[in-house]
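Trainee: Numbering (our numbering), first residue to last: 1 to 398.
Glycine included, C-beta positions come from ideal geometry on N, C-alpha and C.
Predicted model, so just to flag it, every value in this text is computed and none were measured.
Below are the structure tokens for one structure; questions will follow.
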């Protein structure tokens, strides 16, 4: 933690929450819940992103509540849950497919016999598909009636696909009101949950040797996300260029990597652009890290300029670790995360000069101040209680 911060991660985490959840049902202590016979989660992504990290957090919390969890997953979720005790993993082949009709058809037909066999052997009480592609594969399988939920985690899902999935599934879950508004009537918002104590402990580790050696005690800003266009990395580079003109000692660390060939070409163009702008030697491309939290904790500011981010895990994590955050006014989910932040959060128009000015202001100010209700809203305990209400409801109606 940096000197002078006004709020630590521990603030408010022990404050009890009373009242009713957004569904109008009382959130009872864990001892009042009887586990389902079997909960099955399906995630067919071969890459690890925010959706897989959030699902893994949910699964770990459900396991602590005594649930029997089966995960039918490709490599993306498999990497996150590798070595996790108590979860039954059923691996399926990972497929790298374009998000178009032909790609989805290939996915469904190649996995159809595999999933059909798995469902017949396991016979889950409640099934939850993580993301639109996983939900599509599940929705087109024949078989007996089960209570199905799916998690919509992407604002890019085509509306015909949304319409189809809402008809085929009993319930649509969303991680933010931004995504819920697009999903339409009947969708339920449950914010992602975080284990604040585990986050704090992970952030206490020193910076990775390569990052620490390169920085050599220089102050730095950080950006985090996959190498896709809607993350608007060009805007990040433009903002950093403006910042570096005024703060010559400032560096930038970029966490994240490309998922496919298109992403790798995009990253190459970004590096060429940084070279052209004269800032390449001040940027460290760190790729994906198993523990990015020490980077978040030691950064001066997190710059998150994605267009219409469905949620924004890195925004939540950075604020909880005491690092100020700047987002764009068209950012989607991160704007909701900013509710309840008294100090250390700014949103600006996607203009490099204006955003650089906001980042500069936060660099010169004094950390982050959060309300206790903010910690409670994104706590893993509240998340899993709300999720358990829906799972019990689905079990009861089956």
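Mind checking whether residue 228 and residue 184 have CB atoms under 8 Å apart?
Mentor: To locate residue 228, count along the chain shown from 1; it is residue 228. To locate residue 184, count along the chain shown from 1; it is residue 184. Not in contact: residue 228 and residue 184 (Cβ atoms no closer than 8 Å).
Trainee: So is residue 137 buried or exposed if we call it buried at 16+ other beta carbons inside 10 Å?
Mentor: Here residue 137 refers to the residue found at position 137 of the chain shown. Answer is buried; the Cβ neighbour count reaches 16.
Trainee: Check whether the Cβ atoms of residue 348 and residue 358 lie closer than 8 Å to each other.
Mentor: The residue you call residue 348 lines up with position 348 of the chain shown. The residue you call residue 358 lines up with position 358 of the chain shown. For residue 348 and residue 358, yes; Cβs fall inside 8 Å.
Trainee: Please report the distance separating the alpha-carbon of residue 391 from that of residue 53.
Mentor: To locate residue 391, count along the chain shown from 1; it is residue 391. To locate residue 53, count along the chain shown from 1; it is residue 53. If you take the alpha carbons of residue 391 and residue 53, they lie about 20 Å apart.
Trainee: CB-CB under 6 Å to residue 22, same chain, minus the five flanking residues each way: which ones, in chain order?
Mentor: Numbered from its first residue, the chain shown carries residue 22 at position 22. Reliability of the predicted coordinates at residue 22 is poor, the pLDDT of 33 falling under 50, and no value is obtained from them.
Trainee: Ordered along the chain, which non-local residues of its own chain (more than five positions away) have a Cβ less than 6 Å from that of residue 8?
Mentor: Here the question's residue 8 lines up with position 8 in the chain shown. Here the model assigns residue 8 a pLDDT of 38, short of 50, so the residue's position is not dependable and the matter cannot be decided.
Trainee: When you compare each of 85, 91, 86, 69 to residue 78 by their alpha carbons, which one comes out closest?
Mentor: Within the chain shown, numbered from 1, the residue matching residue 78 stands at position 78. Answer by Cα proximity: 91.
Trainee: For residue 128, tell me which candidate among 38, 199, 155 has the shortest Cα-Cα distance.
Mentor: Reading the chain shown from its first residue, position 128 is the one you call residue 128. Ranking 38, 199, 155 by Cα distance to residue 128 puts 38 first.
Trainee: According to DSSP, residue 129 sits in a beta bridge with which residue or residues?
Mentor: As a position in the chain shown, residue 129 is number 129, starting the count at 1. In the DSSP output, where bridge partners are listed per residue, residue 129 has 42, 150.
Trainee: Here's the rule: buried if 16 or more other CB atoms are within 10 angstroms of the residue's CB, otherwise exposed. What is residue 28?
Mentor: For this step, residue 28 is matched to residue 28 along the chain shown. The pLDDT assigned to residue 28 is 35, lower than 50, so where the model puts this residue is not dependable, and the model offers no usable value.
Trainee: Restricting to Cα atoms, I'd like to know which of 341, 330, 244 is closest to residue 320.
Mentor: Along the chain shown, read from residue 1 onward, the residue named residue 320 stands at position 320. Ranking 341, 330, 244 by Cα distance to residue 320 puts 341 first.
Trainee: Distance check for residue 230 and residue 178, CA to CA, integer angstroms please.
Mentor: Here residue 178 refers to the residue found at position 178 of the chain shown. Here residue 230 refers to the residue found at position 230 of the chain shown. Between residue 178 and residue 230, the C-alpha separation is close to 16 Å.
Trainee: Considering only residues of the same chain and omitting the five flanking positions on each side of residue 299, which have a CB-CB separation below 8 Å?
Mentor: Position 299 of the chain shown, counted from the start, is the residue given in the question as residue 299. Closer than 8 Å at Cβ, skipping near neighbours: 220, 221, 222, 253, 318, 323.
Trainee: How many Å lie between residue 32 and residue 121 at the Cα?
Mentor: Locating residue 32 in the chain shown gives position 32, counting from the first residue. Locating residue 121 in the chain shown gives position 121, counting from the first residue. Reliability of the predicted coordinates at residue 32 is poor, the pLDDT of 40 falling under 50, and no value is obtained from them.
Trainee: Assuming residue 369 contacts residue 332 under a Cβ cut-off of 8 Å, what Cβ separation, rounded to an integer in Å, is found between them?
Mentor: Indexing the chain shown from 1 puts residue 369 at position 369. Indexing the chain shown from 1 puts residue 332 at position 332. Actually they are not in contact, since the Cβ atoms of residue 369 and residue 332 sit about 24 Å apart, beyond 8 Å.
Trainee: What is the DSSP secondary structure of residue 303, counted as helix, strand or coil?
Mentor: Looking up residue 303 in the chain shown gives position 303. Looking at residue 303 - three-state DSSP - the assignment turns out to be strand.
Trainee: In three-state terms, what does DSSP make of residue 111?
Mentor: Residue numbering aside, residue 111 sits at position 111 when the chain shown is read from its first letter. If DSSP states are grouped into helix, strand and coil, residue 111 belongs with the helices.
Trainee: May I ask which residues mark the beginning and end of the beta strand (DSSP E) holding residue 47?
Mentor: The residue given as residue 47 occupies position 47 in the chain shown. That residue, residue 47, is in no beta strand (DSSP E); it is neither H nor E in DSSP.
Trainee: Looking only at DSSP bridge pairs, what is residue 290 linked to?
Mentor: Start at 1 with the first residue of the chain shown, and residue 290 comes out as number 290. Partner(s): none; residue 290 has no beta bridge.
Trainee: Considering Cα atoms alone, identify which of 165, 70, 86 is closest to residue 119.
Mentor: Counted from its first residue, the chain shown places residue 119 at position 119. Here the closest residue by C-alpha is 70.
Trainee: Check residue 15 in the structure and name its three-state DSSP category.
Mentor: For the purposes of this step, residue 15 is taken as the residue at position 15 of the chain shown. The predicted model places residue 15 with a pLDDT of 30, which falls under 50 and marks its position as unreliable, so this point remains unresolved.
Trainee: Here's a check: name, in chain order, each residue in its chain whose Cβ is nearer than 8 Å to the Cβ of residue 199, leaving out the five neighbours to either side.
Mentor: The residue you call residue 199 lines up with position 199 of the chain shown. Answer for residue 199: 9, 293, 317, 320, 321, listed in chain order.
Trainee: What's the C-alpha gap between residue 248 and residue 303?
Mentor: In the chain shown, counting from the first residue as 1, residue 248 sits at position 248. In the chain shown, counting from the first residue as 1, residue 303 sits at position 303. About 18 Å.
Trainee: Looking only at C-alpha atoms, which of 330, 306, 192 sits nearest to residue 385?
Mentor: Taking the first residue of the chain shown as 1, we reach residue 385 at position 385. For residue 385, the nearest C-alpha among the options comes from 192.
Trainee: Work out the CA separation of residue 255 and residue 286 for me, nearest whole Å.
Mentor: Residue 286 sits at position 286 when you count from the first residue of the chain shown. Residue 255 sits at position 255 when you count from the first residue of the chain shown. Going by the C-alpha atoms only, they are around 5 Å apart.
Trainee: Measure the alpha-carbon distance for residue 233 versus residue 395 and round it to whole angstroms.
Mentor: As a position in the chain shown, residue 233 is number 233, starting the count at 1. As a position in the chain shown, residue 395 is number 395, starting the count at 1. Their Cα atoms are separated by approximately 44 Å.
Trainee: Less than 8 Å between the beta carbons of residue 41 and residue 148, yes or no?
Mentor: Within the chain shown, the letter at position 41 stands for residue 41. Within the chain shown, the letter at position 148 stands for residue 148. It is not a contact, given that the beta carbons lie outside the stated cut-off.
Trainee: Could you tell me the alpha carbon to alpha carbon distance between residue 301 and residue 82, rounded to whole angstroms?
Mentor: Here residue 301 is taken as the residue at index 301 of the chain shown, counted from 1. Here residue 82 is taken as the residue at index 82 of the chain shown, counted from 1. Using only the alpha carbons, I get a separation of about 32 Å.
Trainee: Classify residue 166 as buried or exposed, calling it buried when 16 or more other Cβ atoms lie within 10 Å of its own Cβ.
Mentor: Mapped onto the chain shown, residue 166 falls at position 166. Buried.
Trainee: In the DSSP assignment, what residue or residues form a beta bridge with residue 91?
Mentor: Taking the chain shown and counting its residues from 1, the one referred to as residue 91 is at position 91. Note: residue 91 sits in a beta bridge opposite 73.
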